[in-house]
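Note that the sequence shown covers residues 9 to 364 in the working numbering.
Note that CB positions come from ideal geometry on N, CA and C, so glycine has one too.
For clarity, every value in this text was computed on a predicted model and none was experimentally measured.
Below is one structure, written out as structure tokens, with a few remarks after it.
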Amino acid sequence: MVERLCWHLEPEKGWMNDPNGLTFFKGRYHAFFQHNPHAPVWDTMHWGHAVSDDLIHWEELPIALYPTEPYENFGGCYSGSAVIKDDVLYLIYTTVSKELGQTQSVAMTRDGVHFEKYAGNPVIDHYPEDGSPDFRDPKVIKRGDTYHMVLASGKDGCARVLHYRSADLLHWEYAGVLFEGCEYGAIFECPDLFPLGEHWVLKGSSSLSRSHREVFIVGDFDGETFKPISRQIPEEGHFYASQSFEAPDGRRILFGWMHNPKYVPHISIPRAGCLSLPRELSLVDGRVVCAPVREAESLLKERSSFVTVGAGSVKVKTYTDEFTWYGDPKDVRICEDTRTVEVFINGGEGNISCWI
């Protein structure tokens, strides 16, 4: 049996992709994730669930969401996020059915273990005229007294991020197109919107090309519109569909999904996919920096046989891929696990995450 990962959250068995519902609730960190519990391949989606005291060591709990309802009968429970309101944890997620397509639904828990789906689901039962049948990945954040949801969609082959508002997490009003760009393909998946420093960041994922996989757009958000200022792509490699949350100490923490589609797992490995090492986000001179969290400090080293540091570049070469960061590598820190390597350059100015 091939060794399990030591410092990365992966399921005991089955498939994992996007991190979902990241939050701190009832004294512990919670990470949900897209999950097929039956085999290490993508299939009908459930929400897997794990908890941690330190963001590094994880305990897998029973599956949080099973696709049991008619509005989940054609794909299951897709990606989403979590919000705490009145000591109740709300999961807001995409549901997929033959009859309605992609819709948005809500589940709730008071203890962080047992979940009840809202009787009025789906809370958003159709995409707006500005969108398309690709209508998924709700990320919700509170600004003042209002909850804001960003959703991945598109129109005429161009990616769009749609904006909804709510006072109670159950009744949502469409507020329009928050962002769009044809360079991101037909959909800007897994959008995230959050304050960082003196600005806001709109983040999304695009499978269109390597150069647009994880895009962080710094701008200003006034509750109505988002005005972009600059764009950065600090993450490279096998890193996708990232999601952030606010830790109890105010840090903005980000996890990404790691998986290499070229990697053929050994027959003895009954699982596929993991979450990345968590990053602590900051805004430095107007740029998003994704540093490894302080809890991971003891896991970092300066050398790896997979990493070559040159005068103007850092190269990571695995058994299936090669990625290069160009610049002045003043500081290079590496976290190498049993089947992964993550490289943090200049304190998170640029990162490369790979399946070995």
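Please report the distance separating the alpha-carbon of residue i from that of residue j.
{"i": "S321", "j": "Y327", "result": "20 Å"}
{"i": "R173", "j": "H179", "result": "8 Å"}
{"i": "N25", "j": "H267", "result": "8 Å"}
{"i": "G4", "j": "P203", "result": "Since the displayed the chain opens at 9 and closes at 364, residue 4 lies outside it and no answer follows."}
{"i": "V185", "j": "L170", "result": "5 Å"}
{"i": "T111", "j": "G294", "result": "36 Å"}
{"i": "E63", "j": "F352", "result": "For clarity, residue 63 is Leu in the given sequence; the question names Glu instead. Taking the straight line joining both Cα atoms gives about 18 Å."}
{"i": "Y74", "j": "Y271", "result": "28 Å"}
{"i": "S219", "j": "F331", "result": "Reliability of the predicted coordinates at S219 is poor, the pLDDT of 45 falling under 50, and no value is obtained from them."}
{"i": "S366", "j": "N28", "result": "With the chain running from 9 to 364 in the structure shown, residue 366 is simply not present."}
{"i": "R279", "j": "E344", "result": "19 Å"}
{"i": "K323", "j": "C298", "result": "18 Å"}
{"i": "L30", "j": "V91", "result": "9 Å"}
{"i": "E18", "j": "F82", "result": "25 Å"}
{"i": "V349", "j": "E244", "result": "12 Å"}
{"i": "H274", "j": "F224", "result": "35 Å"}
{"i": "R221", "j": "A249", "result": "9 Å"}
{"i": "T154", "j": "D230", "result": "12 Å"}
{"i": "G84", "j": "A47", "result": "15 Å"}
{"i": "G358", "j": "D228", "result": "23 Å"}
{"i": "E107", "j": "G318", "result": "55 Å"}
{"i": "F33", "j": "A72", "result": "15 Å"}
{"i": "I277", "j": "R347", "result": "11 Å"}
{"i": "M53", "j": "S313", "result": "36 Å"}
{"i": "F247", "j": "W265", "result": "5 Å"}
{"i": "L69", "j": "H134", "result": "32 Å"}
{"i": "R260", "j": "V296", "result": "11 Å"}
{"i": "D189", "j": "R302", "result": "At residue 189 the sequence reads Gly, which differs from the Asp that was named. One C-alpha to the other measures close to 35 Å."}
{"i": "D329", "j": "P269", "result": "11 Å"}
Cβ of residue i less than 9 Å from any chain D Cβ?
{"i": "I261", "result": "You won't find chain D in this structure, because it holds only one protein chain."}
Using CA coordinates, which residue listed in the options is at the minimum distance from residue i?
{"i": "A304", "options": "S312, A319, E288 and G318", "result": "E288"}
{"i": "M116", "options": "E18, S105, D94 and K106", "result": "D94"}
{"i": "D200", "options": "D51, A194, V209 and I92", "result": "V209"}
{"i": "C166", "options": "D153, D142 and H156", "result": "D142"}
{"i": "E137", "options": "R168, H156 and S87", "result": "R168"}
{"i": "L13", "options": "L283, T316 and V296", "result": "L283"}
{"i": "P300", "options": "D339, K325 and S312", "result": "D339"}
{"i": "L144", "options": "Y182, F196 and K106", "result": "Checking the sequence, you will find Arg at residue 144 rather than Leu. Answer by Cα proximity: F196."}
{"i": "I100", "options": "A47, Y192, T52 and C198", "result": "C198"}
{"i": "V315", "options": "G231, K21 and I360", "result": "I360"}
{"i": "S366", "options": "I132, H46 and Q251", "result": "Outside the displayed span of the chain (9 to 364) sits residue 366, for which this structure offers no information."}
{"i": "P337", "options": "W363, E310 and P48", "result": "E310"}
{"i": "K325", "options": "W363, H43 and P48", "result": "W363"}
{"i": "E232", "options": "S276, I241, A183 and G189", "result": "A183"}
{"i": "E20", "options": "W50, G56 and D51", "result": "G56"}
{"i": "Y126", "options": "Y135, V96 and S140", "result": "V96"}
{"i": "T102", "options": "L69, M157 and V59", "result": "M157"}
{"i": "V49", "options": "W15, G22, F187 and E124", "result": "G22"}
{"i": "Y192", "options": "K211, V59 and G205", "result": "K211"}
{"i": "V226", "options": "P242, S214 and L216", "result": "P242"}
{"i": "F234", "options": "G128, D329, L177 and H207", "result": "H207"}
{"i": "P45", "options": "G281, R260 and W333", "result": "G281"}
Please report the Cβ distance between residue i and residue j, rounded to the nearest whole angstrom; I am assuming they are in contact, meaning their Cβ atoms lie under 8 Å.
{"i": "P286", "j": "L262", "result": "7 Å"}
{"i": "S290", "j": "G205", "result": "7 Å"}
{"i": "F114", "j": "L177", "result": "For the sequence presented, residue 114 should be read as Val rather than Phe. The Cβ separation is near 7 Å, so the contact holds."}
Note to self: Does the contact criterion of 3 or more C-beta pairs under 8 Å hold for the segment 253 to 264 versus the segment 29 to 49?
What the structure shows: yes
Note to self: In chain order, what are the residue ranges of uninterrupted beta strand (DSSP E) at least 3 long that sit wholly in the segment 90 to 118?
What the structure shows: You should have 96 to 105 and 109 to 117.
Checklist line | Meets three-Cβ-pair contact criterion under 8 Å: the segment 65 to 80 and the segment 153 to 162 | finding: no
Note to self: Below 8 Å, how does it come out for the segment 138 to 150 and the segment 120 to 130: are there three or more Cβ pairs, yes or no?
What the structure shows: no
Notebook entry, point to check: Hey, which unbroken runs of the beta strand (DSSP E) at 3 residues or more fall wholly within the segment 40 to 79?
Noted result: 54 to 60 and 66 to 73
Item checked: Sequence ranges, beta strand (DSSP E) only - wholly within the segment 322 to 351, length at least 3 -> Counting only unbroken stretches of 3 or more residues, the beta strand (DSSP E) elements lying wholly within the segment 322 to 351 are 330 to 334 and 340 to 344, in sequence order.
Margin query: Quick check for students: name the residue ranges of the beta strand (DSSP E) that lie wholly in the segment 160 to 187, counting only runs of 3 or more.
Written below: 166 to 174
Next item on the list: Could you tell me which uninterrupted beta strand (DSSP E) segments, each at least 3 residues in length, are contained entirely in the segment 270 to 302, listed from first to last along the chain?
Entry: 287 to 292 and 295 to 300
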